[in-house]
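Chains as they are written, first to last, in the working numbering: chain A, 273 to 633; chain B, 2 to 355.
We put the CB at the ideal spot given by N, CA and C, even for glycine.
Take a look at the structure set out below.
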Amino acid sequence: MAKNKFDTEDPVAPPIPKPKLRWMNRSNQWNTRVKPGKHGLRLGDLNVGIYGDVPAVWNDQTRNPRGAIPKKGVPPVGYTVRTKAELWADSAADLYEEAIQRKWAPATDVPWKSIKPLPEPLERAVCQVMTELCQYANCDIETISQWQYQMAYGYHEVKQFLATASFDGARMYEAFRKRALCNGGGLGLEGPGEVNRMILESRGGWSEAVTYLYLMRGTFTVVMLRYLEAHACNDAERAIYAASLEAKGRHMTYALEHLQYSIAHTDGRREVMQTLLFIGERVWARELKDHVLREALAIVFAGGLNHAADKGMAIFQQMMRDVMTEYCFSCDWLGVTRKAERMPSALTQYMPLAEKQSSGS
Amino acid sequence: MAEASADIFEMKLDWMSAQGEWGTHAKPGKHGLSLADIQQGSYGDIPEHSDNMSGRPRGANPRPDAYRIGGYSVRTKHEIWLDNASFLYEEALQRQWSSATDVPWDTIEPLPDDIEQAQCELCTFLTEVEFVAGDVPSRWVAKTTPDYFEPRHVLLAQVMDEARHMDVFRKRALANGGGLMSATGGTAGVVGSIDLARDFTEMSSRLHISGEGAVLTIFRMGELMAYNDAEKTMYRLCAQDEARHVAFGVMHMRYMAETAPERREEIECYFDEAERQILAGSQNPAGAQTESSESLAILLGGGLDNYDEGIKKLMAIRRRQLTEYQKRVRSAGFGERFENGRSPIKEMIAASAA
């Protein structure tokens, strides 16, 4: 038998098996040549030709990369989130790249040595705020982590962005904990956790989780971080809040864009969201009645205990007015306008006057 | 920010006397303020069993009326712990990189068609497998009590790393006149796969030690199969991340071996399975004759015409994979299996040397 190039010349050694090469010359689209731009070669740049076709439904339950030739007969992995409307936002790829560029490490990027001893009531208040922020970050982590692996591979941009979002949660958790433990204080009393429960227990789909995690809790957290940054006791805290705000800004961008996409592409989604918000606002209002975070924030905003009950509380109220303004604005933008008469008074007391008047309250 | 009217509110301040341990002064060291630096007093006490079902940070004072919302199934320390989690997490943070800007994409030049096809097939495979290692750890994060947040944080860093790996291989496949090719299905949901593990240590043995261990050896050999600086950089950066993931598995297994000897035999069974399946099967790019091993042989040999030369190099890599696997399992405290005849690894090494 004539030897071919894949037979070994050595009569003692076992023959090198011939390659089957069934994969060669098989591609759904060849000749793809994506070039790096001034910001490098970004994930979104890859969405050319068929590689950029993001289907409305992705029924492939394997990890077949979008655009590759699937293999038949592969047992499914079991993804449950398989439609574009359930998770998509056009900005996901850009937000993913931005998150990577804005890397930070709490260990070395926070000027810890700028922290000086504070009067005990103020230190206790800062530590209480950090404790509750830690729990918020934990809720981010656990919520994203329990949904991310259920998302189909065809929407890899969103999965990848969410990988950065849960990692952001880890960094925030770490930074808040470090701040609580570095200045003679410690962690505080755990938060009431009712909103955390609502977010974590949302089972109606990722969009429902996004509604609670970002539109509701996220808006509150972003405004609170802004106020904390403005009233920080030192550069270390300012750096922590600034980095957290950058991350939360990305999360909110994804969330609002996703909810808008979801409403536009799902029959009845707007009405479902109205119901979710109606329920969620009551849970949120109950949690706001808890005095612990409110008092701790008032002390931080007043720079100490002395003026916490007047000046600090006034700033807290202003913060809540800003929260409600942003919340109502986002809801309006999404087409799920909030009407004061359908909201609990614990929230409407902070609503902008115009909003209240226009809804007849 | 405008300040509103200054009504006076009643302050209860009862929470001030209901906080966690007070008087903690963690100080930054030469590497900043690390997670290890804040293991002070009771905040550094890791419970053997966690009854924290409300998601409170470890050391915070619990509220008796807090909801039990955690639903955590991993609540025993030996199920997930490792002694160097803080170090691995901090290192992951310091070594974050960007596939958009840290890979010199402009060094890629057109390649012969067989080489480009082999590179694209390998990248298709790697894109496919990298997010196994993203999907699976993310599922376990949500199942683990935050009392063990240090290992959870390492897993979150891994999910981030894998997202980047997935994207860098997709980028390479689409950057040089090629495209994605055939998926292999190597990460299917079959018995014994990484996806289906119902126990964390079982999952870690498959994912971190055998699965990622095998891929790490390939990445470390990146110089041999790279045709430009972009590919060299890509493999080097991925290897650095992968080494942390493998270290997680080894250190966790070591902790498990030391603290839960009653689980040794069960863990030996996971290694039996790994040696039968993952190391030998289609999840290993240098495993049996698969799309990825053929493409690797073409890359290693320098083209289809030198396939047999490439196969010889691939066999050398395979021997190295198996040898490194042995070292890791020994380091984890399970080396006896290589002496008592339980493991077929020595025979596998001999076979690949023939």
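Going by Cα to Cα distance, which pick from B:188, B:253 and B:327 is closest to residue 128 of chain B?
As a working mapping, residue 128 of chain B is identified with position 127 in the second sequence. Nearest of B:188, B:253 and B:327 to residue 128 of chain B, Cα basis: B:188.
Could you work out which residues of chain B lie near residue 444 of chain A, taking near to mean beta carbons separated by less than 7 Å?
Residue numbering aside, residue 444 of chain A sits at position 172 when the first sequence is read from its first letter. Those within 7 Å of residue 444 of chain A in chain B number zero; the least Cβ separation is about 11 Å.
What residue from A:459, A:385, A:602 and A:317 has the CA that sits closest to residue 366 of chain A's CA?
Taking the first sequence and counting its residues from 1, one reaches residue 366 of chain A at position 94. For the residues A:459, A:385, A:602 and A:317, the minimum Cα distance to residue 366 of chain A belongs to A:317.
Check the Cβ of residue 23 of chain B against every Cβ in chain A and list those closer than 7 Å, keeping chain order.
As a working mapping, residue 23 of chain B is identified with position 22 in the second sequence. Going along chain A in sequence order, the residues near residue 23 of chain B (Cβ under 7 Å) are 457 and 458.
Using three-state DSSP, classify residue 608 of chain A as helix, strand or coil.
Taking the first residue of the first sequence as 1, we reach residue 608 of chain A at position 336. Residue 608 of chain A carries a coil assignment under DSSP once its states are collapsed to helix, strand and coil.
Taking Cβ-Cβ distances shorter than 8 Å, what residues in chain A pair up with residue 110 of chain B?
Indexing the second sequence from 1 puts residue 110 of chain B at position 109. In chain order: nothing, as chain A lies at least about 12 Å away.
For residue 310 of chain A, count neighbouring C-beta atoms within 10 Å of its own C-beta (all shown protein chains included) and say buried if the count is 16 or more, exposed if not.
The count along the first sequence starts at 1 and reaches residue 310 of chain A at position 38. Per the 10 Å Cβ criterion, exposed.
As a quick exercise: from B:130, B:133, B:120 and B:157, pick the residue whose alpha carbon is nearest that of residue 410 of chain A.
Within the first sequence, residue 410 of chain A is the residue found at index 138, counting from 1. Of the listed residues, the one whose Cα sits closest to residue 410 of chain A is B:157.
Proximal residues to residue 395 of chain A (C-beta, below 8 Å), its chain only, five neighbours per side dropped
Counting from 1 along the first sequence, the entry for residue 395 of chain A is found at position 123. These residues qualify, in order along the chain: 389, 455, 456 and 457.
Considering residue 53 of chain B, what are the terminal residues of the alpha helix (DSSP H) in which it resides?
What you label residue 53 of chain B is simply residue 52 of the second sequence in a count that begins at 1. Segment: none, residue 53 of chain B is in no alpha helix (DSSP H) and carries neither H nor E.
CB-CB under 6 Å to residue 122 of chain B, same chain, minus the five flanking residues each way: which ones, in chain order?
Against the second sequence, residue 122 of chain B aligns to sequence position 121. Within the same chain, residue 122 of chain B has close Cβ partners 182, 292 and 296.
Is there contact between the region 135–147 of chain B and the region 95–108 of chain B, where contact requires at least three CB pairs shorter than 8 Å?
no
Cα-Cα, which of B:229, B:15, B:82 and B:17 is closest to residue 48 of chain B?
Position 47 of the second sequence, counted from the first residue, corresponds to residue 48 of chain B. Among B:229, B:15, B:82 and B:17, the Cα nearest to that of residue 48 of chain B belongs to B:82.
Distance, residue 508 of chain A Cα to residue 291 of chain A Cα:
One-based indexing of the first sequence puts residue 291 of chain A at position 19. One-based indexing of the first sequence puts residue 508 of chain A at position 236. Answer to the nearest angstrom: the Cα atoms are 60 Å apart.
Member of B:262, B:209 and B:226 whose CA lies at the smallest distance from the CA of residue 79 of chain B:
What you label residue 79 of chain B is simply residue 78 of the second sequence in a count that begins at 1. Of the candidates B:262, B:209 and B:226, the one whose C-alpha sits nearest the C-alpha of residue 79 of chain B is B:262.
Where the alpha helix (DSSP H) containing residue 433 of chain A begins and where it ends
Walking along the first sequence from the start, residue 433 of chain A turns up at place 161. Unbroken alpha helix (DSSP H) run through residue 433 of chain A: 428–452.
For residue 296 of chain A, which residues in chain B fall below 7 Å Cβ to Cβ?
Position 24 of the first sequence, counting from 1, holds the residue named residue 296 of chain A. Under the 7 Å cutoff, chain B gives 118.
Determine the direct distance from the alpha carbon of residue 308 of chain B to that of residue 510 of chain A, and round the result to whole angstroms.
The residue given as residue 510 of chain A occupies position 238 in the first sequence. The residue given as residue 308 of chain B occupies position 307 in the second sequence. Those two C-alpha atoms are separated by around 59 Å.
I want to know whether the region 396–407 of chain A touches the region 111–126 of chain B - three or more CB-CB distances under 8 Å.
no
Work out the CA separation of residue 315 of chain B and residue 494 of chain A for me, nearest whole Å.
As a first step, residue 494 of chain A must be located in the first sequence, where it is residue number 222. As a first step, residue 315 of chain B must be located in the second sequence, where it is residue number 314. C-alpha separation (whole angstroms): 52 Å.
Can you tell me whether residue 270 of chain B is buried or exposed? The criterion is at least 16 other CB atoms within 10 Å of its CB, across all chains shown.
In the second sequence, the residue the question calls residue 270 of chain B occupies position 269. Flag for residue 270 of chain B reads exposed.
Whose C-beta lies closer than 7 Å to the C-beta of residue 481 of chain A among residues of the same chain, with five residues either side of it excluded?
The residue labelled residue 481 of chain A in the question sits at position 209 within the first sequence. Same-chain partners within the cutoff: 415, 419, 471 and 474.
Three-state secondary structure (DSSP) of residue 341 of chain A:
Counted from its first residue, the first sequence places residue 341 of chain A at position 69. Strand.
State yes or no: is the beta carbon of residue 216 of chain B nearer than 8 Å to at least one beta carbon in chain A?
Here residue 216 of chain B refers to the residue found at position 215 of the second sequence. Contact with chain A is absent for residue 216 of chain B, since none of that chain's Cβ atoms lies less than 8 Å from the residue's Cβ.
So, are the CB atoms of residue 214 of chain B and residue 247 of chain B less than 8 Å apart?
On the second sequence, residue 214 of chain B is found 213 positions in, with the first residue counted as 1. On the second sequence, residue 247 of chain B is found 246 positions in, with the first residue counted as 1. Going by C-beta atoms, residue 214 of chain B is nearer than 8 Å to residue 247 of chain B.
Distance, residue 95 of chain B Cα to residue 237 of chain B Cα
For the purposes of this step, residue 237 of chain B is taken as the residue at position 236 of the second sequence. For the purposes of this step, residue 95 of chain B is taken as the residue at position 94 of the second sequence. Between residue 237 of chain B and residue 95 of chain B, the C-alpha separation is close to 16 Å.
Would residue 251 of chain B and residue 321 of chain B be called neighbours here (beta carbons separated by less than 8 Å)?
By 1-based counting over the second sequence, the position of residue 251 of chain B is 250. By 1-based counting over the second sequence, the position of residue 321 of chain B is 320. Residue 251 of chain B is not a Cβ neighbour of residue 321 of chain B, given a cutoff of 8 Å.
Under 8 Å, do residue 335 of chain A and residue 369 of chain A count as touching if we go by C-beta distance?
Here residue 335 of chain A refers to the residue found at position 63 when the first sequence is read from its first residue. Here residue 369 of chain A refers to the residue found at position 97 when the first sequence is read from its first residue. In this structure, residue 369 of chain A does not lie closer than 8 Å to residue 335 of chain A by Cβ.
Nearest CA to the CA of residue 609 of chain A: which residue from A:621, A:617, A:596 and A:500?
The sequence position of residue 609 of chain A within the first sequence is 337, counting from 1. Nearest C-alpha to residue 609 of chain A: A:596.
Just verifying my parser: in three-state terms, what is the DSSP assignment at residue 276 of chain A?
Your numbering for residue 276 of chain A matches position 4 in the first sequence. Note on residue 276 of chain A: pLDDT 40, under 50, position unreliable in the model; the coordinate value appears next. In this structure, residue 276 of chain A counts as coil in the three-state DSSP scheme.
Environment of residue 277 of chain B [buried if 16+ CB atoms lie within 10 Å]
Locating residue 277 of chain B in the second sequence gives position 276, where the first residue counts as 1. The residue in question, residue 277 of chain B, is exposed, as its Cβ has fewer than 16 Cβ neighbours within 10 Å.
Is it true that the CB of residue 335 of chain B sits closer than 8 Å to the CB of residue 272 of chain B?
Residue mapping note: residue 272 of chain B aligns to position 271 of the second sequence, counting from 1. Residue mapping note: residue 335 of chain B aligns to position 334 of the second sequence, counting from 1. Yes.
Does DSSP put residue 283 of chain A in a helix, in a strand, or in coil?
Your numbering for residue 283 of chain A matches position 11 in the first sequence. Note that residue 283 of chain A scores 45 on pLDDT, short of 50, meaning its location in the model is unreliable and no value can be drawn from it.
List in chain order: all unbroken beta strand (DSSP E) runs of 3+ residues lying wholly within the region 372–413 of chain A.
Qualifying beta strand (DSSP E) stretches: none in this window.
Counting only beta-carbon atoms, is residue 385 of chain A nearer than 8 Å to chain B?
Taking the first sequence and counting its residues from 1, one reaches residue 385 of chain A at position 113. Yes, residue 385 of chain A lies at the interface with chain B (some Cβ there is under 8 Å from its Cβ).
Do we get a CB-CB distance below 8 Å when we pair residue 41 of chain B with the residues of chain A?
Along the second sequence, read from residue 1 onward, the residue named residue 41 of chain B stands at position 40. Yes, residue 41 of chain B counts as interfacial toward chain A.
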